[in-house]
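> Protein chains in written order, with this note's numbering: chain Y, 1 to 207; chain B, 208 to 414. Every residue, glycine too, gets a C-beta built ideally from N, C-alpha and C. Got a structure for you, questions after.
2 protein chains.
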Amino acid sequence: MAKPIESRRANQRRRTRKDLLAAAGRLLKAGKTPGMDEVAAEAMVSRATAYRYFPRVEALLVEAPLDGAVPGAEEVFKDETETDPEVRVDMAEAALHEMVYRNEAQLRVMLAASLERTSKGPAEDGIPVRQNRRAGLIDAALAPARKRFTPATYERLAAALAVLFGTESMIVFSDVLGVDPKTARKVKSWATRALVRAALEESKARR
Amino acid sequence: MAKPIESRRANQRRRTRKDLLAAAGRLLKAGKTPGMDEVAAEAMVSRATAYRYFPRVEALLVEAPLDGAVPGAEEVFKDETETDPEVRVDMAEAALHEMVYRNEAQLRVMLAASLERTSKGPAEDGIPVRQNRRAGLIDAALAPARKRFTPATYERLAAALAVLFGTESMIVFSDVLGVDPKTARKVKSWATRALVRAALEESKARR
DNA sequence: ATCGTAATGAGACGATTGTCTCACGTCAAT
DNA sequence: ATTGACGTGAGACAATCGTCTCATTACGAT
């Protein structure tokens, strides 16, 4: 009976896997840092089964869905007519900022997990790599004005913005500087716009 | 016997504490992520004693000394006659950049440790969440020109620079962008100078 | 040198984490 | 309905982490 080997009972497996991820997402959203026990209980699944799907808690937490949709480039600039890169980049940052602080606990766990991975054993594959949501957003924000930048300047600007944009800057603001989200947003907005302006100036001068 | 209550046997205590931190530093430098057992053994101290000084391993690792002196403000600007804030800030970044990449492995562990701490137990005070080495450097770099900045602008600039300066930006460059140290340095140098310039302009306009 | 007390060492203890085994149930083809 | 294969549950197990107790060591004032 020619069975599709890859999916003999795939539905059942996909369902439990999805339930586990959803359960993890719920607990993380509630502000907890759940152990495998708690996630399994929340998913109404035995602990052993949970370990069958994810080798460790971190691997599960890292893949857990974020609260609300992560702002995608298409979403943010859907019906946008604005073409000024300074404004658009700031919009992108605002969207990411909101998402980052809404999912602070989970993003902390995810960052920690990625650091453990790189610092501990030799590269283990199978565990999802760090995802990069910001590059796309930055490119989309700068797209309409891309021709106004020198290639080299564009690269530098994009990289600098990536430093300001993500989870890591949130860590700096919260843990190192002890600054509240609102102030953090202002600082990032200011810096973001200043950098875009500087890059534009520089590119104009070298034209 | 009027004993100075705060220091009855303070020397001994300071010594053990220092030994523990030094031992942790040595193990981290060797690329390990030591447990309390290992640190205690390395310091030739019992595990119980180690726990008497640090409530958990993370608290110990976070305070561990880095390889070579962390560039202090006095050190970097010792015989410096330069007063241009743009140049001085860039010098500070260069010094920190070198230190960060030299201690990459250890700083990763320390960052991970600090993230674990903040995400797990309820807010415990007294234990530093994170040490802040960069604020002093930034202040020192900007000191000669401090009067040229509006207070509000100064705050924003200092915070933005803090985001660009530390371990976290190294993580972004390495793990997210996949950029080598040299290029990272160039990006940070460019962004740093652009921000200082922007802050100066802005302050001049509002004078 | 003696003595009280703080610092330490040794180890037991419970909680948690991830692994493993074995028995049970459940899906799907016959 | 029967059968075989696969997913699952229950629990034992070692390893690790942080806490706690109690005996011992050694500092420092007298």
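In this structure, does DSSP put Y/F173 in helix, strand or coil?
DSSP places Y/F173 in helix when its eight states are reduced to three.
> What does a CB cutoff of less than 6 Å around B/A179 pick up in its chain, not counting 5 residues either side in sequence?
Residue 179 of chain B lies beyond the range of chain B shown here (208 to 414); nothing can be said about it.
> For the alpha helix (DSSP H) containing Y/L200, list its first residue and its last residue.
Start and end: P181 to A205.
> Would Y/V172 pass as a contact of B/V370 if the rule is Cβ separation under 8 Å?
Yes, Cβ-Cβ distance for Y/V172 and B/V370 is below 8 Å.
> What is the C-beta distance between B/M306 and B/V277, in whole angstroms, given that I count them as a contact (C-beta under 8 Å)?
Indeed, because the Cβ distance is near 6 Å, the residues count as touching under 8 Å.
> Would you mind sorting B/P358 into buried or exposed? The rule is 16 or more other CB atoms within 10 Å of its CB.
Exposed, by the Cβ-count rule.
> Report back the beta-carbon spacing between Y/L161 and Y/V109 to the nearest angstrom; my notes put them in contact at under 8 Å.
About 25 Å separates the two Cβ atoms, so there is no contact after all.
> Against chain B, with Cβ distances strictly below 8 Å, would Y/L111 count as a contact?
Taking Cβ atoms only, chain B reaches closer than 8 Å to Y/L111, which makes this a yes.
> By how many angstroms is the C-alpha of B/R221 removed from the C-alpha of B/V394?
Computed Cα separation, rounded: 42 Å.
> What are the boundary residues of the alpha helix (DSSP H) that Y/E75 is part of?
Taken as a continuous stretch (DSSP letters only), the alpha helix (DSSP H) holding Y/E75 covers A73 to V76.
> Since Y/N11 meets chain B, which of its residues come closer than 7 Å, beta carbon to beta carbon?
Neighbours of Y/N11 on chain B: none; closest Cβ ~34 Å, over 7 Å.
> Given Y/L137, which residues of its chain have a CB within under 6 Å of its CB, disregarding the five upstream and five downstream residues?
A73 and A92, listed in sequence order.
> Whose CA, out of Y/T167, Y/A140 and Y/R148, lies closest to the CA of Y/R130?
The option with the nearest alpha carbon to Y/R130 is Y/T167.
> Go through its chain and collect everything with a Cβ distance to Y/K78's Cβ below 7 Å, but skip five positions before and after it.
Answer for Y/K78: no residue qualifies.
> Please list, in chain order, all residues of the same chain as B/S321 whose beta carbon is under 8 Å from its beta carbon, the five residues on each side excluded.
Excluding sequence neighbours, B/S321 sits near E265, V269, V336 and R337.
> Determine, for Y/A191, whether the minimum Cβ-Cβ distance to residues of chain B falls below 8 Å.
Yes, because at least one Cβ of chain B sits closer than 8 Å to the Cβ of Y/A191.
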